[in-house]
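In terms of full-length UniProt numbering, the sequence shown is residues 1 to 200.
The beta carbon of each residue, even a glycine, is placed where N, CA and C say it ideally should be.
Every value quoted in this text rests on a predicted model; they were computed, and no experiment measured them.
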Amino acid sequence: MCVTKTLAVKSRKETRSNSTKMPVTAVSRTKPNILITGTPGTGKSSLCKQLAEKTGYEWLEVSKLAKDWECISDYDEEYDTSVLDEDKLLDTMEPIMANGGKIVDYHGCDFFPERWFNIVFVLRTDNTILYDRLSERGYTGKKLSDNVECEIFQTLLEEAKSSYDEDIVHELQSSTLAEAASNLERIVSWTDQWTKDNTS
Numbered sequence: 001m002c003v004t005k006t007l008a009v010k011s012r013k014e015t016r017s018n019s020t021k022m023p024v025t026a027v028s029r030t031k032p033n034i035l036i037t038g039t040p041g042t043g044k045s046s047l048c049k050q051l052a053e054k055t056g057y058e059w060l061e062v063s064k065l066a067k068d069w070e071c072i073s074d075y076d077e078e079y080d081t082s083v084l085d086e087d088k089l090l091d092t093m094e095p096i097m098a099n100g101g102k103i104v105d106y107h108g109c110d111f112f113p114e115r116w117f118n119i120v121f122v123l124r125t126d127n128t129i130l131y132d133r134l135s136e137r138g139y140t141g142k143k144l145s146d147n148v149e150c151e152i153f154q155t156l157l158e159e160a161k162s163s164y165d166e167d168i169v170h171e172l173q174s175s176t177l178a179e180a181a182s183n184l185e186r187i188v189s190w191t192d193q194w195t196k197d198n199t200s
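Rendered as structure tokens:
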């Protein structure tokens with residue numbers, strides 16, 4: 001399981017599409033919803049911040065919002081991290097996702113409803129670079145080794161492919177500044193094209 005310094009996910013929703021009262025559909029969505037996922041340290045927050053600035057879309061940093069919305073169910077002593085209350089989080093997010101224009105940033109993805117997203121990007125980083133980034137964040141011991149293992153075994157990429165239509169799942173290398181800039185340009189271009197294709 002990939003974990004962060006402040007938030008972990010232990011449980012998994014058995015069905016991702018049954019959370020709620022206001023179903024999001026492609027018909028009702030006026031802007032695309034984008035999921036940016038990947039192992040901690042792959043550059044999700046930096047990319048999402050820049051993407052929000054470029055597109056005007058709303059950046060939903062799930063780890064932070066879960067605390068703000070009190071969607072925490074427990075505390076994991078082994079990983080020194082809070083445990084996400086997935087059901088409460090999904091119920092809170094459902095109406096927010098309805099109109100589109102959201103950039104969801106999280107290190108897990110298999111509990112989000114598939115219908116929420118028009119496209120999913122999985123960030124990947126060289127293992128040595130990832131190790132250094134996580135060490136600089138203060139990750140040590142099992143938390144550090146488990147996250148690096150997640151990247152080695154492509155855990156988040158496989159999770160995304162098994163949770164969403166593979167046609168909308170895209171792997172992006174995110175080890176260098178040049179790659180980060182290219183990723184930003186690619187996603188902005190995709191959003192522009194989606195808007196043209198769906199609002200004419």
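Q. Using 8 Å as the threshold, is the segment 185-200 in touch with the segment 133-144, meaning 3 or more CB pairs across them?
A. no
Q. Threonine 128: which of Asp192, Asn147 and Leu60 sits nearest, CA to CA?
A. Asn147
Q: Look at glutamine 173 and arginine 124 and say whether their C-beta atoms are less than 9 Å apart.
A: yes
Q | DSSP three-state assignment for threonine 4, whether helix, strand or coil | A | Because threonine 4 carries a pLDDT of 45, less than 50, the predicted location of this residue cannot be relied on, and no value is offered for it.
Q. Quick one: what does DSSP say glutamine 173 is sitting in, helix, strand or coil?
A. strand
Q: Put glycine 138 into one of helix, strand or coil per three-state DSSP.
A: coil
Q: Identify which residue in Val169, Lys88, Ala160 and Pro32 has its Cα closest to the Cα of aspartate 68.
A: Lys88
Q. Out of Ala180, Asn198 and Thr199, which has the shortest C-alpha to C-alpha gap to threonine 42?
A. Ala180
Q: Run the CB neighbour count on threonine 199, radius 10 Å, all protein chains shown included, and call it buried at 16 or more, exposed below.
A: exposed
Q) Within the chosen definition, does the segment 93-100 reach the segment 162-172 through at least 3 CB pairs nearer than 8 Å? A) no
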